[in-house]
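Peer 1:
Number of protein chains: 2
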Amino acid sequence: MEKPRKPSAVLAALGRSVTIKDLAAELGLSITTISRALNGYSDVGEKTRRRVTDAAARLGYHPNRNAQRLVMQRTHNVAWVQTDNELKYLDPHFAEVMAGALGQARVLNYDIVLTSHAIDREIPTYDRYVRDNSVDGFIVDLPRENDERVTYLMDTGRAFVVHGRERRCDRYGWVDMDNYGNFYRLARLLIANGHRRIALINGDEHFNYALYRHNAVRDAAQDAGLPEDTFVLFNSSHPMGDAGFTLTASALADREITAIIYSSILLLMSGYELLMTAPDRKGRPIAVATMDDNLRHLDPTRLALRVSFVRSSLHDAGAALIAELSRQCDEGRPPSGTMIPSVFQIIPGLDRTSIDETLPVHRRNRIG
Amino acid sequence: MEKPRKPSAVLAALGRSVTIKDLAAELGLSITTISRALNGYSDVGEKTRRRVTDAAARLGYHPNRNAQRLVMQRTHNVAWVQTDNELKYLDPHFAEVMAGALGQARVLNYDIVLTSHAIDREIPTYDRYVRDNSVDGFIVDLPRENDERVTYLMDTGRAFVVHGRERRCDRYGWVDMDNYGNFYRLARLLIANGHRRIALINGDEHFNYALYRHNAVRDAAQDAGLPEDTFVLFNSSHPMGDAGFTLTASALADREITAIIYSSILLLMSGYELLMTAPDRKGRPIAVATMDDNLRHLDPTRLALRVSFVRSSLHDAGAALIAELSRQCDEGRPPSGTMIPSVFQIIPGLDRTSIDETLPVHRRNRIG
DNA sequence: ACGATTTGCCAAAACGTTTTAGTTGGCTAT
DNA sequence: ATAGCCAACTAAAACGTTTTGGCAAATCGT
Chain A
1 MEKPRKPSAV LAALGRSVTI KDLAAELGLS ITTISRALNG YSDVGEKTRR
51 RVTDAAARLG YHPNRNAQRL VMQRTHNVAW VQTDNELKYL DPHFAEVMAG
101 ALGQARVLNY DIVLTSHAID REIPTYDRYV RDNSVDGFIV DLPRENDERV
151 TYLMDTGRAF VVHGRERRCD RYGWVDMDNY GNFYRLARLL IANGHRRIAL
201 INGDEHFNYA LYRHNAVRDA AQDAGLPEDT FVLFNSSHPM GDAGFTLTAS
251 ALADREITAI IYSSILLLMS GYELLMTAPD RKGRPIAVAT MDDNLRHLDP
301 TRLALRVSFV RSSLHDAGAA LIAELSRQCD EGRPPSGTMI PSVFQIIPGL
351 DRTSIDETLP VHRRNRIG
Chain B
1001 MEKPRKPSAV LAALGRSVTI KDLAAELGLS ITTISRALNG YSDVGEKTRR
1051 RVTDAAARLG YHPNRNAQRL VMQRTHNVAW VQTDNELKYL DPHFAEVMAG
1101 ALGQARVLNY DIVLTSHAID REIPTYDRYV RDNSVDGFIV DLPRENDERV
1151 TYLMDTGRAF VVHGRERRCD RYGWVDMDNY GNFYRLARLL IANGHRRIAL
1201 INGDEHFNYA LYRHNAVRDA AQDAGLPEDT FVLFNSSHPM GDAGFTLTAS
1251 ALADREITAI IYSSILLLMS GYELLMTAPD RKGRPIAVAT MDDNLRHLDP
1301 TRLALRVSFV RSSLHDAGAA LIAELSRQCD EGRPPSGTMI PSVFQIIPGL
1351 DRTSIDETLP VHRRNRIG
């Protein structure tokens, strides 16, 4: 009868981790039985299983992950590959997605390997992870049209999930919101309310999410029989900093503009003071609508300024990314797309049209 | 003579990764020779080595990391464990440190395993990584006094590096700036310029960096023979959101206060408008000093408001964390502390005292 | 009572590397 | 000629798991 020891004391005394062999020796059983007992196989006696789990807990045994990974050809690691652009990590949108992913990863027992690469070493970095077997799959963020990462990953057959979509999205797993549909509806709403010159303060259109939003407002104007220049485009490459301020100033400088759609509440916030003090347009205050990614600390309903918005949780999207990857890797399910739901909130006075009827049949199911 | 194939084609055709056995078979050599050729041992002929490296490149061979990790007992993985508090990932300070760490990790061929845990599962999470051998070491961020994580990690003997210090810092590796010294000097500077009631808008004093800053201004007042209430404390738990605004408003409401020290430029920015429009104090504009972590997009020299600051790069700190861990794990060096340098910039008119002479001998080398 | 089935356990192989402890053959020094 | 040495290679063990295939004892059905 050995006295119970603090697991960390065992670790320190041994100078190495407790292995399955230690357990086998301790209990006079084979390592096969230990393994099968701990992994819940039915060919282990209930009494034996109890002895094994007790001893494992007492000695603080945790299976060596590298041995498991080697033999099972599964790592329970996900790679999250980012361009080595420090600005990225300062983007609250990214942080929000990551927070959601980390929470779900914990639940599903995955680890996220975060890594950065030099601007011109994108594919080689993915290739390294594919070939050295250190991850089960990849998260691809901010896809571009004809994204090389997608091309590469489809080629290798490795599991991956894209946050966003591009033209081949029916062939891989993705998580996205309805960028096109949402912005189409916001655009039609403003048009229905009489606005004839509207600013879109958009994100970087090298990325599809922003491109699709642009396409949506353009189509909305066209479908309403309005001229091409109904929407005036302003692009920001990063939501932090003063882009929101300077672009808001530019938009307000055009006295014909009576409404602004923001692609992120961060851009709106940065132009907040300008909006609050902007003189009326044609007798009405400037109309403001925004994408609301449900970022913490940034709730559009708590602003003094009345803002219409469409809300979709980036946090949920992060969680869904890991869930989809787990479905592919753990359950062998085929890749599938997950649409994160969106909720509209339209301020009184703008609410003159049903937002559900503004996406015409020929625009349905468009991704961008 | 086989024709050259695209590495990914080989991968797809094989249905599995290229292994060292494949290389051995291809070249008619033993796996020992392949291994030793690729790892630069001298007992391999130059011609043979060339053949091996060529074949490896041609077939896109990368050693299976899990096999390497198992046999070498080294993972080249670092765990970055965070409380599952989504707010954390929205903190630009954290993002900045992480960006620096990721850059250095790439250089030193490490991967960062980012993970979150429920609030009450901190130590078990560390324990899991220690016991399952999935990482070489840990980064510990935002230490508290008598931090349990440090206690636990010192106990196990696993490598770790702390970003910040606590009382046992001579026994482990750390990276830090001189919180105490810097804030002592800022405090003495303001005192020397005649301020007798000064606000410190500080971070969360559950964390040592903020506690040490508090201690520093308190000591500075004491050393100057001023009363305890010379410094008025305001604490914020998170630098985003409206804390900077509300705390600035509170500070300005005290008409005796003639100067404010901010613990972060983010807090300052959030109170920026209030500062710009604040009425003079005793005939002079309110004096403002801040910590400048060299965050991107937030350069205090570009503000309309003249601000004294002490700058220390969080990005560099992040890089130093990984460098220190590599020194311990790869070179077997004993743990050591790295002080990230700080630079003062004092606005004209406040610069009436030499900032270098304000830290008295009996305060030297204080960590807090 | 006895063959068939079930229960509970185990030896050995496999995963893909690195490392140890060689072996072989050719060259050098005497 | 031959002992000694060096250059270039390799067989086998080891890392710590999971899995395959099997075996012995206990239980069951008739």
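Sequence lines, in order, name chains A and B.
Residues 1 to 368 in the working numbering are what the first sequence spells out, letter by letter.
Residues 1001 to 1368 in the working numbering are what the second sequence spells out, letter by letter.
Ideal Cβ placement from N, Cα and C applies to all residues, glycine included.
Quick caveat: nothing in here was measured; it's all calculated off a predicted structure.
Could one say the Cβ of residue 1269 of chain B lies closer than 8 Å to chain A's Cβ atoms, at least one of them?
Peer 2: For residue 1269 of chain B, the answer is no, since every Cβ of chain A falls outside 8 Å of its Cβ.
Peer 1: Would you kindly work out how many angstroms separate the C-alpha atoms of residue 1337 of chain B and residue 1259 of chain B, rounded to a whole number?
Peer 2: 33 Å
Peer 1: Can you give me the Cβ contacts of residue 1128 of chain B inside the same chain, cut-off strictly under 8 Å, excluding the 5 residues immediately before and after it?
Peer 2: none
Peer 1: Considering only residues of the same chain and omitting the five flanking positions on each side of residue 1109 of chain B, which have a CB-CB separation below 8 Å?
Peer 2: 1076
Peer 1: Can you find a C-beta in chain A that's less than 8 Å from the C-beta of residue 1058 of chain B?
Peer 2: At least 8 Å separates the CB of residue 1058 of chain B from every CB of chain A.
Peer 1: Taking 8 Å as the cut-off, decide whether the C-beta atoms of residue 31 of chain A and residue 47 of chain A are in contact.
Peer 2: no
Peer 1: Is residue 1112 of chain B close to chain A, meaning its C-beta is less than 8 Å from at least one C-beta of that chain?
Peer 2: yes
Peer 1: When you compare each of A:119, A:247, A:200 to residue 390 of chain A by their alpha carbons, which one comes out closest?
Peer 2: The question about residue 390 of chain A has no answer, for chain A in this structure spans 1 to 368.
Peer 1: Assuming residue 311 of chain A is part of the beta strand (DSSP E), what are its boundary residues?
Peer 2: 308-311
Peer 1: Between residue 1025 of chain B and residue 72 of chain A, what straight-line distance do the alpha-carbon atoms span, to the nearest angstrom?
Peer 2: 24 Å
Peer 1: Who does residue 1284 of chain B pair with in a DSSP beta bridge?
Peer 2: In DSSP, residue 1284 of chain B forms a bridge with B:1281.
Peer 1: For residue 1293 of chain B, which of B:1097, B:1220, B:1330 has the nearest alpha-carbon?
Peer 2: B:1097
Peer 1: If you count every other CB in all the chains shown that lies within 10 Å of the CB of residue 326 of chain A, and 16 or more means buried, which is it?
Peer 2: buried
Peer 1: List, in order along the chain, the chain A residues whose C-beta lies closer than 7 Å to that of residue 1240 of chain B?
Peer 2: 297
Peer 1: Go ahead and pull the three-state DSSP assignment for residue 20 of chain A.
Peer 2: helix
Peer 1: With a floor of 4 residues, list each alpha helix (DSSP H) that falls wholly inside the stretch 1038-1123 of chain B, ordered by position along the chain.
Peer 2: The qualifying runs are 1046-1059, 1065-1072, 1086-1089, 1092-1107.
Peer 1: Report yes or no: is there a C-beta of chain B within less than 8 Å of the C-beta of residue 276 of chain A?
Peer 2: no
Peer 1: Pick out the complete beta strand (DSSP E) segments inside the stretch 123-156 of chain A, 3 residues or longer, and give them in chain order.
Peer 2: 137-141
Peer 1: Ignore the nearest five residues each way along the sequence and tell me which others in residue 1114 of chain B's own chain have a CB closer than 6 Å to its CB.
Peer 2: 1080
Peer 1: With DSSP as the reference, label residue 1267 of chain B as helix, strand or coil.
Peer 2: helix
Peer 1: Checking the sheet assignment: what are the DSSP bridge partners for residue 338 of chain A?
Peer 2: A:175
Peer 1: Shortest alpha-carbon distance to residue 1193 of chain B belongs to which of B:1224, B:1143, B:1158?
Peer 2: B:1224
Peer 1: If we cut at 8 Å on Cβ distances, does residue 290 of chain A have a partner in chain B?
Peer 2: no
Peer 1: Is the stretch 1209-1217 of chain B close to the stretch 1268-1281 of chain B, with three or more CB pairs under 8 Å?
Peer 2: no
Peer 1: Does any residue of chain A have a CB that is nearer than 8 Å to the CB of residue 1063 of chain B?
Peer 2: yes
Peer 1: Leaving aside the five residues before and after residue 1262 of chain B along the sequence, list all residues of the same chain whose C-beta is less than 6 Å from its C-beta, in chain order.
Peer 2: Excluding sequence neighbours, residue 1262 of chain B sits near 1201, 1268, 1290.
Peer 1: Quick one: grab the DSSP three-state call for residue 1249 of chain B.
Peer 2: helix
Peer 1: If you measure from the beta carbon of residue 1 of chain A to each beta carbon in chain B, is any gap under 8 Å?
Peer 2: Confidence at residue 1 of chain A is low in this model, with a pLDDT of 43, below 50, so its placement is unreliable and the value that follows should be read with caution. Taking Cβ atoms only, chain B never reaches closer than 8 Å to residue 1 of chain A, which makes this a no.
Peer 1: For residue 74 of chain A and residue 136 of chain A, I'd like the C-alpha separation in whole angstroms.
Peer 2: 6 Å
Peer 1: Quick check on DSSP: helix, strand or coil for residue 1191 of chain B?
Peer 2: Three-state result, residue 1191 of chain B: helix.
Peer 1: Cβ closer than 7 Å: which chain A residues qualify as neighbours of residue 1098 of chain B?
Peer 2: 89
Peer 1: Is residue 1313 of chain B closer than 8 Å to residue 1182 of chain B when the C-beta atoms are compared?
Peer 2: At the C-beta level, residue 1182 of chain B and residue 1313 of chain B stay beyond 8 Å of one another.
Peer 1: What are the residues that DSSP puts in a beta bridge with residue 260 of chain A?
Peer 2: A:199, A:288
Peer 1: Tell me which residues share the same chain as residue 1180 of chain B and place their Cβ nearer than 7 Å to its Cβ, disregarding the 5 neighbours each side in the sequence.
Peer 2: If the five residues before and after residue 1180 of chain B are omitted, its C-beta is found closer than 7 Å to the C-beta atoms of 1212, 1215, 1216, 1366, 1367, 1368, all from its own chain and listed in chain order.
Peer 1: Find the residues of chain A that neighbour residue 1092 of chain B, judging by a C-beta separation of less than 7 Å, and give them in chain order.
Peer 2: 90
Peer 1: Which residues of chain B have a Cβ atom closer than 7 Å to the Cβ of residue 103 of chain A, listed in chain order?
Peer 2: 1084, 1116
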